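Below: the structure, in structure tokens.
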Amino acid sequence: MSQSHLLKTLTTSAVLFSAVYAPLVYAEDEVPPAFVDDNIDQADELIKRERQSIIQGNNVPSATVSDSEAQKAINERRQLTSAQGYDLEALKADPVAFTRYLNAALAAQDMATVKELLPHYKVLNVNDPMLIKFADALLYRSEGQNKKAIAIYKDMLADNPDFHPVRLNMAQALYADKQYSVAHDQLQKLRGADIPAPVMANVERLMARIDQQEEWRFNASISYVQDDNLNGVPEKEIEFTGIGGGIFRTGGNTESGKGLQVSGSANKRINLDKNFYAEVGGNASLKGYWDNSEYNDYLVTASTALGYDDAKNDVSISPFVTKRFYGEEPYSWRKGVTVSGSRWVKPQLKLTATSMFSNETVDDDKENRREADGLFLGLNALYIKDANEYFYGGLGRYQNDVDKTSFLSYDRNSVNVGWGREWTQGISTLASASYAIKDYDKPSDDIADGFYSQFRIEGDDLNREDKTTSLGLQVWKRDLTVLGLTPRLVFDYEKTSSNFKYYDDRDDKTATILLTKSF
């Protein structure tokens, strides 16, 4: 038997071995009192609820990385094994032994060793071109360059359409590149082929994963809420002099409530040709108080999306509409569109840019004095340190433009950071912090001479400026469930300071148990 023929025989058996036994790694599949008082701002309310729920829809004007997104990213990242020890000169002197060793490294998915050995194997006088192609393809896959790997597999299949292990590897690469429909077609061809039972088991397993991509996915959470200042007034009474010299008092009459916040979402992905996809879904966030239903606040959103994604990139456009009910009555409609794009710039670093445009109209506002146009621009980064730890940070700018009522218009600039970690004993934590500055437009002269001139703390600046610091901590045990729900201890602290004493020195502390479930 010639040395070249022996190399080809070794390669064929090793490729088949890797198709059967190599671990399949796939992505798992986030008015002075009255009218001048704070408007019931939907964007602000969504940002507050973002800290109290794991469900984050695409209508939240925030650059925060959701917990589910971070966990998905951790699952998608693949760590390379360290290189094995070997005698390079001895391998170069024996092409058959070199082929066996390289085959063993491929079967073990030891891509670090393959990457070191392959350049030396390529320059041997006697080598196996098919093994070189197969190794090149697996190296590209390990680096996330799935399209290059797919091109190599197609070339190999053009030479031999019945090379079934290569077709299975190409289907795996197509799946990793999120070309689900094409991957399904390749697997369907393998179903009719005469292949070993363990290989067929891998085929069936991967087809089931693709089918699961298009199933409905549900998330739900529920938590106890207690708010000691539902109406958002100063906790202590403030005295001021009105126009004409009269003495007036405001604040000190806070409303409180106890209740539940229930959130849920349902989403379905539809795989289109190549890397394109569509999504339909909706989410609801319901906050109700059993002892003060006047402040019940319900947000219900429906959305669709069209996007393109592969192993490194995801770009999508998503129209949405949100109906809000406040105090058990219809309150407003908010319609908008979110455009987002993300890219893994390094194996452990993902950057995401998001923009959102929206318009909100209030149901009982016949003159549209509270109609608001919103524009959000955000950028965040997610860094996966390892399989147990990640960090994120983001910058965001939200503009709320109320043309007919200038003092309700504002720009909100924010920065946020977070740290998630899985500890021993099954404990997980997520710590977060954010800082935001909200600059309001200058009010009209008639309002400025009254409420605003009385309540500014110092100076002549009539432009209200609020500064908010938020801290959060979530703690949970990954294997602990109660009636199928995973409980999380949630601690939040928020402090707002303002250059207007009516809004100054606001503290909000919460500690609750959040019950969550995904299915």
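So the sequence shown is residues -27 to -1, 1 to 492, counted in mature numbering (1 follows the signal peptide of the UniProt record, and there is no 0). For each residue, glycine too, the CB sits at the ideal point set by N, CA and C. Computed from a predicted structure; not experimentally measured.
At least 3 beta-carbon pairs within less than 8 angstroms: the segment 81 to 93 vs the segment 250 to 268: no
Coarse secondary structure for Glu302, derived from DSSP in three states:
strand
### Task
Can you check the segment 54 to 112 for any alpha helix (DSSP H) of at least 4 residues that lies completely inside it and give the ranges in chain order?
61 to 66, 68 to 80 and 84 to 95
(Q) For Pro460 and Tyr356, what's the separation of their Cα atoms in angstroms? (A) 26 angstroms
Can you tell me the Cα-Cα spacing of Asn248 and Gly280, whole angstroms? 8 angstroms
query = Helix or strand or just coil, what does DSSP make of residue 563?
reply = Residue coverage of the chain in this structure runs from -27 to 492, which leaves residue 563 outside it and unanswerable.
Checklist line | Burial state of Phe473, where buried means 16 or more other Cβ atoms lie within 10 Å | finding: buried
message = What does the alpha-carbon distance come out to for the pair Ala56 and Leu79?
response = Residue placement at Ala56 is flagged as unreliable, the pLDDT there being 46, under the threshold of 50; the coordinate-derived value follows with that caveat. If you take the alpha carbons of Ala56 and Leu79, they lie about 12 angstroms apart.
Run through DSSP, which three-state label would Glu467 get? strand
Using the Cα positions of Thr483 and Asn119, report the straight-line distance between them to the nearest angstrom. 46 angstroms
Taking the CB atoms as reference points, tell me whether Ser407 and Asn389 lie closer together than 7 angstroms.
yes
Worksheet entry | Candidates Pro134, Asn269, Ala345 and Arg73, of which the one nearest Ala108 by Cα | Arg73
inquiry  = Quick check: the Cα distance between Asp376 and Arg343, rounded to an integer number of angstroms?
reply    = 8 angstroms
### Span separating the alpha-carbon of Lys415 from that of Leu352
28 angstroms
Q.
Going by C-alpha to C-alpha distance, which of Ser238, Gly237 and Tyr197 sits closest to Lys231?
A. Tyr197
*How big is the Cα-Cα spacing for Pro138 and Glu467?*
57 angstroms
Sufficient close CB pairs (3 or more, under 8 angstroms) joining the segment 285 to 294 to the segment 153 to 169:
no
Taking all protein chains shown into account, decide if Thr325 is buried (16 or more other Cβ within 10 angstroms of its Cβ) or exposed.
-> buried
Ser305 and Pro292 look like a contact to me (Cβ under 8 angstroms); what is the Cβ gap, rounded to whole Å? Not quite, the Cβ-Cβ distance comes to about 17 angstroms (not below 8 angstroms), so this is no contact.
Ser115 to Tyr148 span [Cα, whole Å]
14 angstroms
### Message
Less than 6 angstroms separating the Cβ of Met103 from some heavy atom of the ligand GDP?
### Response
The ligand GDP is not part of the structure shown, which contains no ligands of any sort.
Notebook entry, point to check: What is the DSSP secondary structure of Asn472, reduced to helix, strand or coil?
Noted result: coil
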